[in-house]
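With our numbering applied, the sequence shown corresponds to residues 16 to 264, in that order.
Backbone N, C-alpha and C define an ideal beta-carbon position, used for all residues, glycine too.
None of these values were measured; they are calculated from a predicted model.
The structure appears below as structure tokens.
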Amino acid sequence: MHASDAPPSESSDILAVAGSPILWGSVVAVFAVIAIQTVIYYQAASRAAPNVGLERKEVTRAFRAGAIASIGPSLAVSLIAITLVSVFGTPGVLQRIGLIGSAAFDVAAAGIVAGTEGTTLGGEGYTQQVFANVLLCIAIAGAGWMLVTLTATPLLKRGQGAVERGKNKALMGLISSAALLGAFICFTYQQAARGFGPLLVLIASGLIMAALLLIAKTFRQHWLREWALGIALVASLAFATLLPALGLA
Numbered sequence: 016m017h018a019s020d021a022p023p024s025e026s027s028d029i030l031a032v033a034g035s036p037i038l039w040g041s042v043v044a045v046f047a048v049i050a051i052q053t054v055i056y057y058q059a060a061s062r063a064a065p066n067v068g069l070e071r072k073e074v075t076r077a078f079r080a081g082a083i084a085s086i087g088p089s090l091a092v093s094l095i096a097i098t099l100v101s102v103f104g105t106p107g108v109l110q111r112i113g114l115i116g117s118a119a120f121d122v123a124a125a126g127i128v129a130g131t132e133g134t135t136l137g138g139e140g141y142t143q144q145v146f147a148n149v150l151l152c153i154a155i156a157g158a159g160w161m162l163v164t165l166t167a168t169p170l171l172k173r174g175q176g177a178v179e180r181g182k183n184k185a186l187m188g189l190i191s192s193a194a195l196l197g198a199f200i201c202f203t204y205q206q207a208a209r210g211f212g213p214l215l216v217l218i219a220s221g222l223i224m225a226a227l228l229l230i231a232k233t234f235r236q237h238w239l240r241e242w243a244l245g246i247a248l249v250a251s252l253a254f255a256t257l258l259p260a261l262g263l264a
């Protein structure tokens with residue numbers, strides 16, 4: 016019996032159901048919401064800019080820098096997403112990337128679901144029924160992130176307001192800086208602990224970023240400051256692809 020002739024619960028032809036109109040419709044809805052949010056945030060930032068002493072050109076420069084800086088992470092996630100098409104299907108991959116953007120989370124969650132079904136992602140026994148369960152479970156898991164954001168954000172905002180109204184108004188800036196520093200240190204340690212190859216990529220990315228910022232400062236190339244992070248990320252990805260050929264992976 017061919018995979019396409021088997022009952023839906025037993026068929027392993029995932030792509031036959033992965034491109035259903037319902038899934039594509041949900042993808043369009045997700046990206047429409049993202050586009051609308053982008054416009055709303057841009058307009059809100061533009062209106063608030065004069066109140067904090069920012070000129071129009073500074074706002075434009077900030078958004079441009081953010082867009083450029085997103086190229087590297089987006090490229091890295093996209094490369095991983097391509098490999099997941101056979102497991103989640105194109106609509107599934109686009110929706111997960113659009114909502115969560117964490118391929119590692121989706122793969123881990125989907126792997127747990129497949130494991131409870133007695134199979135592995137894309138392996139023998141990965142039927143259409145397992146595929147449907149995987150999408151349902153990672154959607155529920157992703158909803159948890161959103162619920163936490165919706166409930167925790169107002170609480171954190173009230174706490175921030177209480178701190179800023181206190182005697183030590185600079186404390187909020189210190190807390191924010193410490194949180195960012197802690198997050199970056201955590202990410203750095205996670206990559207360095209993965210092995211010699213990732214450690215080399217980490218060092219290379221840091222050196223490339225430092226060199227770009229030094230060049231920008233020395234030669235007063237302000238545009239390079241905006242492009243530095245994106246260039247460093249893409250260059251680091253290229254360096255990572257060379258490691259196996261050099262026998263350093």
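Looking only at C-alpha atoms, which of 77, 207, 195 and 61 sits nearest to residue 237? With distances taken between CA atoms, residue 237 lies nearest to 77 out of 77, 207, 195 and 61.
Give me, in chain order, the residues of the same chain whose beta-carbon lies closer than 6 Å to that of residue 240; leave out the 5 immediate sequence neighbours on both sides. 231
Output the boundary residues of the alpha helix (DSSP H) element that contains residue 213. 211 to 233
Please state whether the Cβ-Cβ distance between residue 104 and residue 215 is less than 8 Å. no
Taking all protein chains shown into account, do 16 or more other C-beta atoms lie within 10 angstroms of the C-beta of residue 171, making it buried, or fewer, making it exposed? Per the 10 Å Cβ criterion, exposed.
Could you check what DSSP says for residue 81 in three-state terms: helix, strand or coil? Shown here, residue 81 sits in a helix according to DSSP, grouped into three states.
Is it the case that the Cβ atoms of residue 38 and residue 107 are separated by a distance below 8 Å? yes
Applying the 10 Å Cβ sphere with the 16-neighbour rule, what's the burial state of residue 243? buried
Compute the distance between the beta-carbons of residue 130 and residue 140, then report whether it is under 8 Å. no
Which term fits residue 163, buried or exposed, when burial requires 16 or more other beta carbons within 10 angstroms of its beta carbon? exposed
Local conformation of residue 247 per DSSP, three classes: helix
Go to residue 121, then tell me how far its alpha helix (DSSP H) extends in each direction, as first and last residue. 118 to 131
Going along the chain, which residues of its own chain have a beta-carbon closer than 6 Å to the beta-carbon of residue 102, five neighbours each way excluded? 136 and 137
C-beta atoms of residue 249 and residue 94 nearer than 8 Å: no
Applying the criterion that 16 or more other CB atoms from any shown protein chain within 10 Å of the CB defines a buried residue, is residue 145 buried or exposed? buried
Scan the segment 32 to 76 and note each continuous alpha helix (DSSP H) run of 4 residues or more that stays entirely inside, going in chain order. 36 to 63
Can you name the start and end residues of the alpha helix (DSSP H) that residue 159 belongs to? 143 to 180
Applying the criterion that 16 or more other CB atoms from any shown protein chain within 10 Å of the CB defines a buried residue, is residue 42 buried or exposed? Label assigned to residue 42: buried.
Range of the contiguous alpha helix (DSSP H) that encloses residue 208: Counting along the chain, residue 208 falls outside any alpha helix (DSSP H), and DSSP gives it neither H nor E.
Could you check which residue in 260, 247, 199 and 233 has the C-alpha nearest to that of residue 212? 260
Residue 153 and residue 121 closer than 8 Å at C-beta: yes
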